[in-house]
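Okay, so here's the structure we're looking at.
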Amino acid sequence: MTTNCSFKDVDELMQSVELVIYVPTFVFGLLLNTLVLAVFCVKLQKWNESTIFMTNLAVMDLLLLLLLPFKMHATHHWWAASRKLACSFLETMYFVGMYGSIYTITCLALYRYIVIRYPMRAKEVHSPKAAIIVCMTIWVLVLGATSPVYSFRDNSDQPFHCFHGFSDKGWSPAYIGCVEVFGFLLPATVLMVCSLQSIRTLKQSHERSTKSRVGEQIMYSNLCGFLIPFTPCHLGIFLQFLVRQGVITACQSQTGIALFLQVAMCLANVTCCLDALCSYFIIKEVRSPQGNRQTIFKQEGDRHIRTVVHYCESFMIKDERQWYRR
Numbered sequence: 121m122t123t124n125c126s127f128k129d130v131d132e133l134m135q136s137v138e139l140v141i142y143v144p145t146f147v148f149g150l151l152l153n154t155l156v157l158a159v160f161c162v163k164l165q166k167w168n169e170s171t172i173f174m175t176n177l178a179v180m181d182l183l184l185l186l187l188l189p190f191k192m193h194a195t196h197h198w199w200a201a202s203r204k205l206a207c208s209f210l211e212t213m214y215f216v217g218m219y220g221s222i223y224t225i226t227c228l229a230l231y232r233y234i235v236i237r238y239p240m241r242a243k244e245v246h247s248p249k250a251a252i253i254v255c256m257t258i259w260v261l262v263l264g265a266t267s268p269v270y271s272f273r274d275n276s277d278q279p280f281h282c283f284h285g286f287s288d289k290g291w292s293p294a295y296i297g298c299v300e301v302f303g304f305l306l307p308a309t310v311l312m313v314c315s316l317q318s319i320r321t322l323k324q325s326h327e328r329s330t331k332s333r334v335g336e337q338i339m340y341s342n343l344c345g346f347l348i349p350f351t352p353c354h355l356g357i358f359l360q361f362l363v364r365q366g367v368i369t370a371c372q373s374q375t376g377i378a379l380f381l382q383v384a385m386c387l388a389n390v391t392c393c394l395d396a397l398c399s400y401f402i403i404k405e406v407r408s409p410q411g412n413r414q415t416i417f418k419q420e421g422d423r424h425i426r427t428v429v430h431y432c433e434s435f436m437i438k439d440e441r442q443w444y445r446r
């Protein structure tokens, strides 16, 4: 690996870029996710599976948002070597929030897919307790998967920038391979397959309703809100891995990749706002009076119509067991 390149210009530029991106992301993300949690915790009398997943997503996003001030501080200030443990804890929680959000979004998409494609089999997954267990499992998995971050700091006594400058151990092929495959490629594949198949089922409905079209728009938004922020981020991680492995040695390429990765990581945090906005519009659409459910239920001979109703109701603040009453 080449070490003669200067990244001073990149660091100075990122000090301004992070302020421009992180400050609005922190303010609006904190406001929106707090509002979502307030609605879920105060306004809802009964919680269903979708509500539980979206609440877990809001908590993950809030965890990540609360760490942004520390990231901004670390960019502008050197940390003493005695604060490495505290830094590793903050870094770990940051990745817990990021990858916890990724897996929560993926599980929510999988749940929607089952409800829409196999409405009669969906009884088997209609259990708030099961949703809670899935969310707890996500927390355990991401906490375990991010625990190696504590070993990504060297034993130097020199001041350092937290959230920057991981040791070579943090860029090992085994760890980066797991990050790329299990942290992005696998969830992205599941999300794309489930979302596109769900949208296809809704489009094949013999009678198109307003709520089915809204459902399609929500899933398209979720898909774009996942791929647009996280694809550049993980592409940047892979390119930086090639730099650390000595595959890319040109100084200009190294500085360009360093800048690309840091900007991509900044933009990936914007998904915290996008998740909250999506939850808000789901709540707004569900609580709107439009759409006559009783009229649609009369079309019992059409499985796809029942599927559309089943999907729309999955985002309503009601007990989902009533879907199977005729």
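Residue 121 is where the sequence shown starts when you use my numbering, and the numbers rise one by one after that. Glycine included, C-beta positions come from ideal geometry on N, C-alpha and C. Quick caveat: nothing in here was measured; it's all calculated off a predicted structure.
- Beta-carbon to beta-carbon, Trp199 and Cys125 are separated by about 23 Å, too far to satisfy the 8 Å threshold.
- Taking the CA atoms as reference points, Gly217 sits about 27 Å from Asn275.
- With a contact defined as Cβ atoms closer than 8 Å, Ile225 and Phe304 miss out at about 12 Å.
- Ile319 and Lys289 have their C-alpha atoms spaced approximately 42 Å apart.
- In the three-state reduction of the DSSP assignment, Trp259 falls in the helix class, which pools H, G and I.
- Ranked by how close their Cα comes to the Cα of Met174, the residues Ser208, Gln135, Phe358 and Ser221 have Ser221 in first place.
- For the pair Pro248 and Glu169, the CB atoms are nearer than the 9 Å cut-off.
- His193 is classed as exposed because its beta carbon has fewer than 16 other beta carbons within 10 Å across all chains shown.
- In the structure shown, Trp199 falls within a strand segment according to DSSP collapsed to helix, strand and coil.
- In this structure, Ala388 sits away from Gln360, with a CB-CB distance that is not shorter than 9 Å.
- Rounded to whole angstroms, the separation of the alpha carbons of Leu316 and Gln337 is 11 Å.
- For the options Leu397, Phe380, Tyr400 and Cys392, the alpha carbon positioned closest to that of Asp131 is the one of Phe380.
- Cβ neighbours of Pro307 within its own chain (closer than 7 Å, five residues either side excluded): Ile222, Tyr223 and Thr226.
- Between Leu152 and Leu322, the CB-CB gap reaches or exceeds 9 Å.
- The beta-bridge partner set that DSSP reports for Phe280 consists of Trp199.
- The distance from the Cβ of Leu343 to that of Met312 is about 7 Å, consistent with a contact at the 8 Å cut-off.
- In this chain, the alpha helix (DSSP H) harbouring Ser208 covers Lys204 to Arg237.
- Residue environment analysis places Arg333 among the exposed positions, since fewer than 16 neighbouring C-beta atoms fall within 10 angstroms of its C-beta.
- A distance below 6 Å between beta-carbons, with the five flanking residues on each side excluded, links Tyr142 to the following residues of its chain, in chain order: Leu188 and Met192.
- The C-alpha of Tyr233 is placed about 49 Å away from the C-alpha of Pro279.
- At a Cβ-Cβ threshold of 9 Å, Val262 and Tyr214 do not count as neighbours.
- The continuous alpha helix (DSSP H) containing Lys128 extends over residues Lys128 to Ala158.
- For Val390, there is no enclosing alpha helix (DSSP H), as DSSP gives it neither H nor E.
- For the pair Met339 and Pro349, the Cα-to-Cα distance works out to about 16 Å.
- Counting every other CB atom within 10 Å of its CB across the protein chains shown gives Ile296 a total of 16 or more, marking it as buried.
- Take Leu133, set aside five residues on each side of it, and the residues of its chain with a beta-carbon closer than 8 Å to its own are Leu379, in chain order.
- The DSSP-derived three-state label of Cys125 is coil.
- Using a Cβ distance threshold of 9 Å, Ile172 and Cys298 do not count as a contacting pair.
- Look at Ile252 here: in three-state DSSP terms it is helix.
- Annotated three-state conformation of Thr369 is coil, per DSSP.
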